[in-house]
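Each residue of the sequence shown is one higher than the one before, counting from 92 in the numbering used here.
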Amino acid sequence: MRTLIVIFLFLLAATFSHAQVYKWVDEQGVVHFTDDLSQIPEKHRKAMERREEPEEKTEVKREGQPPQKKELDSYKDRLGRGEEYWKARVEESRKRLESLNEKVESLRLKYNELTERFNTSKSSAERAMIRNEREQIKNQMDEVRAQIAETKEMLQKKIPEEASLYKAKPEWVKP
Numbered sequence: 092m093r094t095l096i097v098i099f100l101f102l103l104a105a106t107f108s109h110a111q112v113y114k115w116v117d118e119q120g121v122v123h124f125t126d127d128l129s130q131i132p133e134k135h136r137k138a139m140e141r142r143e144e145p146e147e148k149t150e151v152k153r154e155g156q157p158p159q160k161k162e163l164d165s166y167k168d169r170l171g172r173g174e175e176y177w178k179a180r181v182e183e184s185r186k187r188l189e190s191l192n193e194k195v196e197s198l199r200l201k202y203n204e205l206t207e208r209f210n211t212s213k214s215s216a217e218r219a220m221i222r223n224e225r226e227q228i229k230n231q232m233d234e235v236r237a238q239i240a241e242t243k244e245m246l247q248k249k250i251p252e253e254a255s256l257y258k259a260k261p262e263w264v265k266p
């Protein structure tokens, strides 16, 4: 009888040491972890992930010692996105800003060319046509300048605020 009790206790201990961990994300984007399936709301159970509980590793950290490269690379924000995601967002906005600046410069040159043509033209019909074309170019320049302002705000304010909200490292989103 004693032998059966000891075997039962070993089996019970082995079951507890290999527990499942469940990960799920709520409506606000907050990531939750639990080892109790009943803690997950029914509507989130289909999207949850099962994870094996990692084996505990005991590491001795010495004071003043820099973190290992693996520790630095493995940090993720609240939604599991790493440095690559955030740097790509910043780079995409930078490229967009560069493209918009080139576009506004191109439109400005075209506007100046039309102004020269307008000033040298003697025909009132041609001048009216050039005036209309210049007005269209000016409207396009205004639209592009608005897009430039929006993209600058994205780079300088919105992306850093979003990164802060999701607990990404601030250096990942420096413009």
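Ideal placement from N, C-alpha and C gives every residue a C-beta, glycine not left out.
Checklist entry - K137 to V121, Cα distance in whole Å? => result Reading the sequence shown from its first residue, position 46 is the one you call residue 137. Reading the sequence shown from its first residue, position 30 is the one you call residue 121. K137 and V121: Cα-Cα distance of roughly 16 Å.
Checklist entry - Three-state secondary structure (DSSP) at E118? => result Taking the first residue of the sequence shown as 1, we reach residue 118 at position 27. It is coil, neither helix nor strand.
Next on the checklist: Taking a contact to mean a Cβ-Cβ separation below 9 Å, would you say L198 touches I239 in this structure?
Outcome noted: Counted from its first residue, the sequence shown places residue 198 at position 107. Counted from its first residue, the sequence shown places residue 239 at position 148. Their beta carbons are not under 9 Å apart, which means L198 does not touch I239 by this criterion.
Checklist entry - If you drop the 5 nearest sequence neighbours on each side, which residues of the same chain put their C-beta closer than 6 Å to that of R169? => result Here the question's residue 169 lines up with position 78 in the sequence shown. Closer than 6 Å at Cβ, skipping near neighbours: V122, Y257 and K258.
Item to check | Closest Cα partner of A237 within the set S212, R187, F209 and K260 | outcome: For the purposes of this step, residue 237 is taken as residue 146 along the sequence shown, with counting starting at 1. Selected option, being the one with the closest Cα: R187.
Item to check | Sequence-distant residues of its chain with Cβ nearer than 7 Å to S212 (five each side left out) | outcome: Residue numbering aside, residue 212 sits at position 121 when the sequence shown is read from its first letter. Taken in chain order, the residues that qualify are R218 and I221.
Checklist entry - What number of angstroms, rounded off, separates the C-alpha of W115 from the C-alpha of E262? => result As a first step, residue 115 must be located in the sequence shown, where it is residue number 24. As a first step, residue 262 must be located in the sequence shown, where it is residue number 171. Those two C-alpha atoms are separated by around 28 Å.
Item to check | C-alpha gap between K194 and K260, whole angstroms | outcome: Sequence index remark: in the sequence shown, residue 194 carries index 103 (1-based). Sequence index remark: in the sequence shown, residue 260 carries index 169 (1-based). Distance between the alpha carbons of K194 and K260: 33 Å.
Next on the checklist: Quick check on this structure: which residue in A179, S165 and Q231 has the alpha carbon closest to the alpha carbon of N192?
Outcome noted: For this step, residue 192 is matched to residue 101 along the sequence shown. The shortest Cα separation from N192 among A179, S165 and Q231 belongs to Q231.
Checklist entry - Which value, in whole angstroms, describes the spacing of the CA atoms of S184 and T242? => result Working through the sequence shown from its first residue, we reach residue 184 at position 93. Working through the sequence shown from its first residue, we reach residue 242 at position 151. S184 and T242: Cα-Cα distance of roughly 6 Å.
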